[in-house]
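Asker: Residue numbers (numbering that gives the first Met the number 0), protein chains in the order written: chain P, 0 to 325; chain S, 0 to 364. C-beta atoms are modelled at their ideal positions from N, C-alpha and C, and glycine is treated no differently. The structure displayed is predicted, hence computed values, not measured ones.
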Amino acid sequence: MNIGLIGAGAIAQQAYFPLLKGFPELKLTAIVEPDERITNELSNRFSLSYMGPDLEAALKHVDAVIICVPNFLHYPIAKLCLENGKHVLCEKPITTSVRDGETILRMAEADSLTLSVAHVRRFYPAVKKIKEIIATGTLGALTGFDFREGTVFSWPTVTGFIFDKEKAGGGVLMDIGVHLLDLLFWWIDDEVSSFNYADDNLGGLESTAEINMTFRRGVTGHVKLTRLAVLNNFYTLNFENGVLSWNPFVPRRIYIRKNYEQMTSHKTEKGAPVRDLLLDFSAAILDKRPPFIKGEEALQALRFIKACYASRQAIPMKWLKGEASP
Amino acid sequence: MNLSASRIFITGATGFIGGRIAERLWLDYKIPARCLVQNYAAASRLSRLPVTMCPGNMLDKKSLVLGLGESNVIFHCVYGNSKDPVLNARVNEEGLQNLGEIAIQRGVERLIHLSTVAVYGPEPPEMVTEETPLCLSEDEYGSSKIRTEAICHNLRERGLPVVVIRPTVVFGPFSPIWTIGAIKRVLSGGWENTADIIGLCNPVHIDDLVKGLFLCVENDAAIGQTFILSGPEPISWNDFFNAYKDVAGLNRSSSATGQNGLKAGGSLIGPFLRSNVRLLRRFIEPQMIDIYEWLKISRPAVARKLSALLGGGVKENEKKKYNQKTVYSIEKARKYLGYSPRSFAAGMEDTTAWLIYYEYVPNQQ
C-alpha cells in the first residue's frame, strides 16, 4: 500500500521517517511539505513519486496518508484526503473543534474509509495489560484514580505552532492531556458524570491543568498536567483490593500493591507503539475492519477537553501574584 | 517615565527573569510585551500570556528590528548560555551592540541591561557597592558581562537612556539555580556537614528584582546609572540552604552535625560510586532507571537515601565561594529608586508554595 506523509516537522522526523524507511506494509511514496529546507534534506534520504508543497498532486500517488501538520490543519487536510478517497491516520488531536471531528468521521464512514488517530500510547503492552486487569477485576472493582504527568516542555517544535492559540487549539490539556484522557476513557470505559477543571492560562494557553472528575459508575479521580515541571509521573488506579501505578516515561513496568502487601513491579514486553499503530492502520484498511484507535474514541477525548475549556477556572497560585514590597 | 503607558520589548523572555518580567507586566499593568524567542521549546511559561512572540536572536539584526517593533522600553535579559564560549561572548557583546544600535535609531527611551555581580570577580571584597572596581577573571560569564557594561557606557554616551542592573542571588518560583537547583541540592545530600561553611549569601526574590527593574523605567534618575539589586540584608549560606531543607522536611540539625545515616554510608560508598559512575552507567543504567522508579514508589525513603548518597556534600572547590563574607550594598538603589525589597523569609513563602505545587517536594500538610 502506498502512503503519503503530510507534514515533515518534528513528529514526522522523530516518529515516522525512521520507521517508514523500510516498512513492507506501507510504502512511502509522497511527502507534502512546504519548507524547502526540509524537502531538500529529505530528497537525499527518500526516493519518492512526489515531494513538495502540493497536497492534491501528492494524493495521486498514495492510497493512504499520515497527517502530521499543526493541529488547526488536521481538519481541512483530512477532509481533502477523504474527499479524494484516501484512508487517514491523523496525529492527535483529531481536530481542534468537535464539529470538524464529527464531519470527517461521517465522511470516512460514508465512504468506508479508515480513519484512525495516533493515540499511540494505547499500543504499549503495559497499557493493554492494565485494561485487562480492570476488565477482569483482578484487583476488584476500580474505585478511583490519580493521574499526574509533567515534564519541562522541550519538544523541538519546528514551527512553534504549539504555542499559538489558534493553531494548537489549546495548551497542555490539548497536547499531553489528550493522550492521558484517551487512556483514562479507554481503561474506565464509562461516561463522565461530573467534573471541574482549572488551569494557569493568563490570556494565552494553559501550561498547567487540573481536573477532578466522577464517572457514572462512581469512579472518582484527579488529573494534573504541566509543561513547567517534572511531576511525580504516575497514573495510579485504586481498586477495592489494591493499587496499580504506571509511569508513562517507564512504560514497560506496572507497579501493583495487593491489599496490604508489598508493592511489586511487573515488567511487560517492550513493544513498538508507532510500528504497531502503522501495522494496525494498514491491516484495518486491508481487512476492512475498524482500526484499534477509532475516530469516535478520539472525539470523546476532544469533547471532554472542550467541555473543560468551557468551564475553566483559574488554579489558585498565590506565588503568581505575590506582591513585592511597594 | 510612565511604565504603564510603555510599549515593552523583552529579550530572554523565555528565561527565568525575562519570563517573570513578562508576567508582571501583564498581571500588574496589562501590558502584553513583545518577546524575542530563539527557541520555542522553551516558551511554555511565556505561552500562558497574551504576549507577542517574535522569532529571532541577538545576532540577527533583522529579527531584532522586527521584534522591537514600536517598543520604547527594552528589558535586555538574554545572555549566551551555550557550551561554546565564543558564541556566548558574541551573543552577549555583539548582540547588545546590535540591539543598542537599533534602539538608538528607533529612539528607544529606556534600555534596562541585566548584568551580574559576577563582574566583581571570584573574590570580591567584603563590602561591594556600584563603585567597587570590576575584575576581569577566568570566569567567561563575568568577564563578558564586564564588556557588555562597557558597551552600555558607550551607548549611553551616544544618547541611549541605558540602566545597568547587577542582580545578586535571584531566587523564587522558576529560579533554575537558586530555587530548583537549591532544592535538588538539599534533597540529594548536597548540603550536608556544613558547620565549617561561614560565608554570606545575598538573596533577592525575583519579584523584588523585577520591581526594581520597573522602578528603573519609572524613575528618570536611573538613566545612565548602575544598580546592585539584592535583598534587604545578607544571610548565611547555611540559612539559605537550610530554608530549603525546611521546605523539603529534612532535619537540618542532624544534617548540620553529620549525625544522620547518610554521612556514614556516604563517606565509604559515595566516593566509590562517584568515581565509577561511567562504568556503572555503561552496564546498568537502563536497569537502574527501572530500579530507581520502583524504589521511588515502593521504598521512597531508600530512594531518597540512594539519591543523597550519590549527591555528596559541599565540594572542596565550592568552599571558597561559600565562605566569602561579601555584602552587596543596595543603598544606591534605595536612594535613587526607592527600592525596598522583602525579607528572605517573606520571599520563601511563595517559593515554598510553588515548590510544593510543582512537586519538587512532597506536600507535608
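At a Cβ threshold of 7 Å, is W353 of chain S touching chain P?
Answerer: For this step, residue 353 of chain S is matched to residue 354 along the second sequence. With 7 Å as the cut-off, W353 of chain S counts as an interface residue toward chain P.
Asker: What span of residues does the alpha helix (DSSP H) with S143 of chain S cover, start to end?
Answerer: Walking along the second sequence from the start, residue 143 of chain S turns up at place 144. From DSSP, the alpha helix (DSSP H) with S143 of chain S extends over E139 to E156.
Asker: Grab the span of the alpha helix (DSSP H) containing M52 of chain S for me, first residue to last.
Answerer: For this step, residue 52 of chain S is matched to residue 53 along the second sequence. Per DSSP, M52 of chain S belongs to no alpha helix (DSSP H); it is in the beta strand (DSSP E), T51 to P54.
Asker: Output the boundary residues of the alpha helix (DSSP H) element that contains W185 of chain P.
Answerer: For the purposes of this step, residue 185 of chain P is taken as the residue at position 186 of the first sequence. Per DSSP, W185 of chain P belongs to the alpha helix (DSSP H) from G176 to I187.
Asker: For the candidate residues S:I101, S:G94 and S:V127, whose alpha-carbon lies nearest to that of Q323 of chain S?
Answerer: One-based indexing of the second sequence puts residue 323 of chain S at position 324. Comparing Cα-Cα distances from Q323 of chain S to each of S:I101, S:G94 and S:V127, the minimum goes to S:V127.
Asker: Pop quiz: I196 of chain S and N237 of chain S are said to be a contact at Cβ under 8 Å. What is the actual Cβ separation, rounded to whole angstroms?
Answerer: For the purposes of this step, residue 196 of chain S is identified with residue 197 of the second sequence, where counting begins at 1. For the purposes of this step, residue 237 of chain S is identified with residue 238 of the second sequence, where counting begins at 1. So it is a contact: roughly 6 Å between Cβ atoms.
Asker: Is N39 of chain P helix, strand or coil when you go by DSSP?
Answerer: Working through the first sequence from its first residue, we reach residue 39 of chain P at position 40. In the structure shown, N39 of chain P sits in a helix (DSSP, three-state: H, G or I).
Asker: Report the three-state DSSP secondary structure of W25 of chain S (helix, strand or coil).
Answerer: In the second sequence, counting from the first residue as 1, residue 25 of chain S sits at position 26. It is helical.
Asker: Buried or exposed: which applies to P92 of chain P, given that a residue is buried once 16 or more other Cβ atoms fall within 10 Å of its Cβ?
Answerer: The residue given as residue 92 of chain P occupies position 93 in the first sequence. Per the 10 Å Cβ criterion, buried.
Asker: Taking the beta strand (DSSP E) that H221 of chain P falls in, what are its first and last residues?
Answerer: By 1-based counting over the first sequence, the position of residue 221 of chain P is 222. T219 to T225 is the span of the beta strand (DSSP E), which, as asked, contains H221 of chain P.
Asker: Among the candidates S:K210, S:L212, S:N316 and S:E139, whose CA atom is the shortest distance from the CA of S81 of chain S?
Answerer: Within the second sequence, numbered from 1, the residue matching residue 81 of chain S stands at position 82. It is S:E139 whose Cα lies nearest to the Cα of S81 of chain S.
Asker: Determine the contact status of N56 of chain S and V107 of chain S, defining contact as a CB-CB distance below 7 Å.
Answerer: Stepping through the second sequence from its first residue, residue 56 of chain S is reached at position 57. Stepping through the second sequence from its first residue, residue 107 of chain S is reached at position 108. Going by C-beta atoms, N56 of chain S is not nearer than 7 Å to V107 of chain S.
Asker: Give the list of continuous alpha helix (DSSP H) stretches no shorter than 4 residues that lie fully inside the region 221-292 of chain P.
Answerer: Considered as a whole, the region 221-292 of chain P harbours 272-286 as its complete alpha helix (DSSP H) runs of no fewer than 4 residues, in chain order.
Asker: Applying the criterion that 16 or more other CB atoms from any shown protein chain within 10 Å of the CB defines a buried residue, is E122 of chain S buried or exposed?
Answerer: Counting from 1 along the second sequence, the entry for residue 122 of chain S is found at position 123. Its Cβ having fewer than 16 others within 10 Å, E122 of chain S is exposed.
Asker: May I have the straight-line CA-CA distance separating P166 of chain S from T115 of chain S, to the nearest angstrom?
Answerer: Indexing the second sequence from 1 puts residue 166 of chain S at position 167. Indexing the second sequence from 1 puts residue 115 of chain S at position 116. If you take the alpha carbons of P166 of chain S and T115 of chain S, they lie about 5 Å apart.
Asker: Report back the beta-carbon spacing between V216 of chain S and S5 of chain S to the nearest angstrom; my notes put them in contact at under 8 Å.
Answerer: Within the second sequence, numbered from 1, the residue matching residue 216 of chain S stands at position 217. Within the second sequence, numbered from 1, the residue matching residue 5 of chain S stands at position 6. With a Cβ gap of about 7 Å, V216 of chain S and S5 of chain S count as contacting.
Asker: Do G223 of chain S and R385 of chain S come within 7 Å of each other at the CB atom, strictly closer than that value?
Answerer: For chain S, the structure presents residues 0 to 364; residue 385 of chain S sits outside this window and is missing.
Asker: Are there 16 or more other CB atoms within 10 angstroms of the CB of I268 of chain S, so buried, or fewer, so exposed?
Answerer: The residue given as residue 268 of chain S occupies position 269 in the second sequence. Bear in mind that the predicted position of I268 of chain S carries a pLDDT of just 42, short of 50, making it too unreliable to give a figure here.
Asker: Classify D83 of chain S as buried or exposed, calling it buried when 16 or more other Cβ atoms lie within 10 Å of its own Cβ.
Answerer: To locate residue 83 of chain S, count along the second sequence from 1; it is residue 84. For D83 of chain S, the number of other beta carbons within 10 angstroms of its own is below 16, and it is reported as exposed.
Asker: Can you confirm whether N231 of chain P, when its beta carbon is compared against all beta carbons of chain S, has any partner nearer than 7 Å?
Answerer: Stepping through the first sequence from its first residue, residue 231 of chain P is reached at position 232. N231 of chain P counts as touching chain S.
Asker: Can you confirm whether L228 of chain S, when its beta carbon is compared against all beta carbons of chain P, has any partner nearer than 7 Å?
Answerer: On the second sequence, residue 228 of chain S is found 229 positions in, with the first residue counted as 1. It does not: the Cβ of L228 of chain S has no partner Cβ on chain P nearer than 7 Å.
Asker: Check whether chain S comes within 7 Å of A283 of chain P, counting only Cβ atoms and requiring the distance to be less than that.
Answerer: Reading the first sequence from its first residue, position 284 is the one you call residue 283 of chain P. Not closer than 7 Å to any Cβ of chain S, the Cβ of A283 of chain P fails to qualify, so no.
Asker: Using 8 Å as the Cβ pair cut-off and three pairs as the minimum, do the region 233-241 of chain P and the region 129-140 of chain P touch?
Answerer: yes
Asker: Along the chain, where does the alpha helix (DSSP H) containing R333 of chain S start, and where does it finish?
Answerer: Residue 333 of chain S sits at position 334 when you count from the first residue of the second sequence. E330 to L336 is the span of the alpha helix (DSSP H), which, as asked, contains R333 of chain S.
Asker: In chain P, what lies closer than 8 Å to P121 of chain S by C-beta?
Answerer: As a working mapping, residue 121 of chain S is identified with position 122 in the second sequence. The premise fails here: P121 of chain S is roughly 30 Å from chain P at the closest Cβ pair, so nothing lies under 8 Å.
Asker: Tell me the rounded alpha-carbon separation between V326 of chain S and V209 of chain S.
Answerer: Stepping through the second sequence from its first residue, residue 326 of chain S is reached at position 327. Stepping through the second sequence from its first residue, residue 209 of chain S is reached at position 210. Looking at the two C-alpha atoms, the distance is approximately 21 Å.
Asker: What number of angstroms, rounded off, separates the C-alpha of I133 of chain P from the C-alpha of W185 of chain P?
Answerer: Taking the first sequence and counting its residues from 1, the one referred to as residue 133 of chain P is at position 134. Taking the first sequence and counting its residues from 1, the one referred to as residue 185 of chain P is at position 186. Using only the alpha carbons, I get a separation of about 11 Å.
Asker: For W25 of chain S, which residues in chain P fall below 8 Å Cβ to Cβ?
Answerer: Against the second sequence, residue 25 of chain S aligns to sequence position 26. Within chain P, the residues near W25 of chain S are L201 and G202.
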